[in-house]
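Working notes, beginning with the structure itself.
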Amino acid sequence: MSASATRRSEAGSAHAGPAVSLPPTDASDASAAPAEARPRRRPRWALLGLTPFALYTLLFLAVPTFLALATGFFDGDGAFTLDNLTALAEPAVLGAFASSFWVSAVTAVAGAVIGALVCYALLAVRPDGLIRTFVDAASSVLAQFGGVMLAFAFIATIGIQGLVTVFLKDRLGVDLFADGVWLYQVPGLLLPYLYFQVPLMVITFMPAMEGLKRTWSEANATLGGTRSTYWTRIAMPILAPSFLGSLLLLFANAFSSYATAAALISQGAQIVPLQIRGALISETVLGRENLAGSLAIGMIVVMVVMMTAYSALQARTERWQR
Amino acid sequence: MSAVRDSATPSKLASRIILVVVAVVFAVPILSMVEFTLRAGIDGGHDLGHWAAILDPENSRKYRVLFQGIGNSVVLAAVTVLIVVVLLLPTMILVKLRFPKLQRVLEFVCIIPITVPAIVLVVGLAPVYSVVARLLGSAPWTLAFAYGITVLPYAYRAIAANLQSVDVGTLAEAARTLGAGWGTVLVRVLLPNLRRGVLTASVISVAVVLGEYTIASLLGRNTLQTSLVQVSKSDPFVAVAFALLALAFAFVLLFIIGRVGSIRRIRETP
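Chains A and B are the protein sequences, given in the same order.
For what it's worth, this note's numbering labels the leading residue of the first sequence as 145, then goes sequentially.
For what it's worth, this note's numbering labels the leading residue of the second sequence as 45, then goes sequentially.
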């Protein structure tokens, strides 16, 4: 939110100042200056071009986020308080954070590796071909296939009467749930989550994979390199920051995913999003106003750490692009 | 040439093995859903009973909420894609060309929706939407303003990846040198080069909107997902059947968008 505010104030100051004193925003622009009217008018016009997006994100991103987080700092009577934040140290809440962490980490790593393999395999497929279009379409549907439909799918597959459960028991004598029914517990989230993590990896990582330039492999071949030198010395180092960026995206995706868990786990609140839902619903019963707000703050702190790391990775990614 | 090709792309065999294994594993839950909807009763056996029930005119009132939800979701998907193409794309190009210093800021803004989960955002969206409802009414499409934000990180990443592999600066400068106006540069020079990124962004946006449940349910709107939940409580078989239909519908839609995109690409770059 502070970002868009900064951008707006920059735009504002540029407008307020006399046009002559505007610093050249672009070196190439200043060198092409003799046309006189143009260099003066264009930066202004260009800044105006940023305002619709800035206004939109301000209204539908900054304002709602501020309102949601602000509730964590107020008690039931609207007075400022930090008491709500102490809830974050409770064992149940800490446990939920731990569960969220390991579910997100496991599914992000597994999803990123499997997804990257699929991207690699897709390089051998014609980009305009049917297979590629099929994979693109299927990935897009599955990546956001979360929520109730995903819960339905896995109850039908590995639920107590699921197709795979029954098959394994009747034909192979293997009882999936010999140690109790784990599908409706935290471990049960792993397979459903992977079902949207892998396709999301394909979607987000494929453009980077396609960005590998043909000239690099030609250079590798010219210098006598093999397939393995191309991948280990050229492609992988170039793709690494992008891969890690996608990995963080997957982690964040799992960490904040709510609908699937809500549909699968009806009892208790084992992960953080379910705790927030519980707090929102039963606020008055618990006698803890605005607990949801403080849980949200805790969640966002985790996310901010992840995204700071992501941004550092992006800075690295750009090194090889010039 | 073929040796060069070999090192950059996997062998046909390796590629096929990876794709087939992943495809089979991912097909199992879908096939299980199909099997689930065909179950005849407690004693086992399969028939088309649950599917016939959907078509039965007697049930049409019972499932009307579902059709309404699907309609709303399609409208929402279209408006959300419009927001991405009209608001996000020009802003990204503008920042890349004219305000490189703001690139970090734009990226930061676009990544925020990931750090702000839907369930957190919806608490703050409720008061915003009470204002929106007063100004624009509470028609289903207004929810697209929220979805445009939800979609931002994915759309941004898709377009940014494409922007990085295209030398936008040189292209724009070349076009400007040849006398093109900014409109021409944007639509006839940059957009064709960014087609894959824009297409990917649109495709992801559509999928996000079709799958969104949290915001719609907590703001009390009727979309595909919320109506599925509603129906699943009374009739799980039909809910699974509709989930399958929704999937197939979304898949076919995205498949067609994908085909149209690649056919046009072939035609324009012979």
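All C-beta atoms in this analysis are idealised placements derived from N, C-alpha and C, irrespective of residue type, glycine included.
Residues near residue i by beta carbon distance below 6 angstroms, same chain, minus five either side
i, result
"A:G255", "L338, Q341, V342, M345, L394"
"B:A188", "L120, V123, T124"
"A:V207", "none"
"B:L238", "N206"
"A:F197", "none"
"B:V176", "T186"
"B:A219", "V229, V233"
"A:L467", "The structure shown does not extend to residue 467 of chain A, since chain A is modelled only from 145 to 466, so the question has no answer here."
Segment limits, alpha helix (DSSP H) that includes residue i
i, result
"B:P73", "56-82"
"A:E354", "334-354"
"B:K106", "From DSSP, B:K106 is part of no alpha helix (DSSP H); its letter is neither H nor E."
"A:Y328", "Segment: none, A:Y328 is in no alpha helix (DSSP H) and carries neither H nor E."
"B:V153", "147-159"
"B:H94", "93-99"
"A:R377", "Here A:R377 belongs to no alpha helix (DSSP H), and DSSP marks it neither H nor E."
"A:K357", "Taken as a continuous stretch (DSSP letters only), A:K357 belongs to no alpha helix (DSSP H), as it is neither H nor E."
"B:L196", "188-209"
"A:Q414", "Element bounds for A:Q414: n/a, residue is neither H nor E."
"A:T301", "292-302"
"B:T214", "212-221"
"A:T309", "307-316"
"B:L133", "133-142"
"B:S174", "162-180"
Whole-angstrom C-beta distance between residue j and residue i, which should lie under 8 angstroms
i, j, result
"A:M450", "A:A396", "6 angstroms"
"B:F286", "B:V273", "Wrong, their Cβ atoms sit about 11 angstroms apart, outside the cutoff."
"A:A406", "B:M77", "That belief does not hold up - the Cβ atoms of A:A406 and B:M77 are roughly 19 angstroms apart, past 8 angstroms."
"B:V139", "B:L131", "Actually they do not touch by this definition, with Cβ atoms about 13 angstroms apart."
"B:L215", "B:V233", "6 angstroms"
"A:P417", "B:P161", "6 angstroms"
"A:T452", "B:G302", "Rounded, the Cβ-Cβ distance is 35 angstroms, inconsistent with contact."
"A:Y402", "B:T258", "5 angstroms"
"B:L254", "B:A294", "5 angstroms"
CB contact below 8 angstroms: residue i versus chain A
i, result
"B:V275", "no"
"B:Q208", "yes"
"B:L230", "no"
"B:Y200", "no"
"B:Y107", "no"
"B:E102", "no"
"B:L169", "yes"
"B:V155", "The displayed chain sequence assigns Ile, not Val, to residue 155 of chain B. Judged by the 8 angstroms Cβ criterion, B:I155 is in contact with chain A."
"B:V160", "yes"
"B:F299", "yes"
"B:V129", "no"
"B:K140", "no"
"B:I193", "yes"
"B:G302", "yes"
"B:L291", "yes"
"B:S328", "Nothing in the structure corresponds to residue 328 of chain B, since chain B is present only between 45 and 314."
"B:I74", "yes"
"B:P236", "no"
C-beta neighbour in chain B for residue i, strict 8 angstroms
i, result
"A:R460", "no"
"A:L203", "yes"
"A:Y402", "yes"
"A:F471", "Here chain A covers residues 145 to 466 and nothing more, so residue 471 of chain A does not appear."
"A:P385", "no"
"A:D280", "yes"
"A:G239", "no"
"A:R184", "Bear in mind that the predicted position of A:R184 carries a pLDDT of just 46, short of 50, making it unreliable; the figure below should be weighed with that in mind. No, A:R184 does not count as interfacial toward chain B."
"A:L457", "no"
"A:Y328", "no"
"A:S361", "yes"
"A:F217", "no"
"A:V262", "yes"
"A:M380", "no"
"A:A236", "no"
"A:L356", "yes"
"A:F298", "yes"
"A:P351", "yes"
Own chain residues within Cβ distance below 7 angstroms of residue i, not counting five before or after
i, result
"A:A484", "Given a span of 145 to 466 for chain A in the structure shown, any question on residue 484 of chain A remains unanswerable."
"B:L180", "T186"
"A:A459", "none"
"A:A260", "M345, F349, F387"
Residues of its chain near residue i, where Cβ-Cβ distance is below 8 angstroms and the 5 sequence neighbours each way are ignored
i, result
"B:V109", "N266, S271, Q274, V275"
>> Please give me, in chain order, every unbroken run of the alpha helix (DSSP H) with length at least 4 that falls completely inside the region 206-288 of chain A.
In response: 207-214, 235-266, 274-287
> Of all the alpha helix (DSSP H) runs that stay within the bounds of the region 240-264 of chain B, which reach a length of 4 or more residues?
Replying inline: 258-262
> In the region 271-312 of chain B, which residue ranges form an unbroken alpha helix (DSSP H) of at least 4 residues, counting only runs that do not cross its ends?
Replying inline: Unbroken alpha helix (DSSP H) runs of no fewer than 4 residues, entirely contained in the region 271-312 of chain B, are found at 280-312, following chain order.
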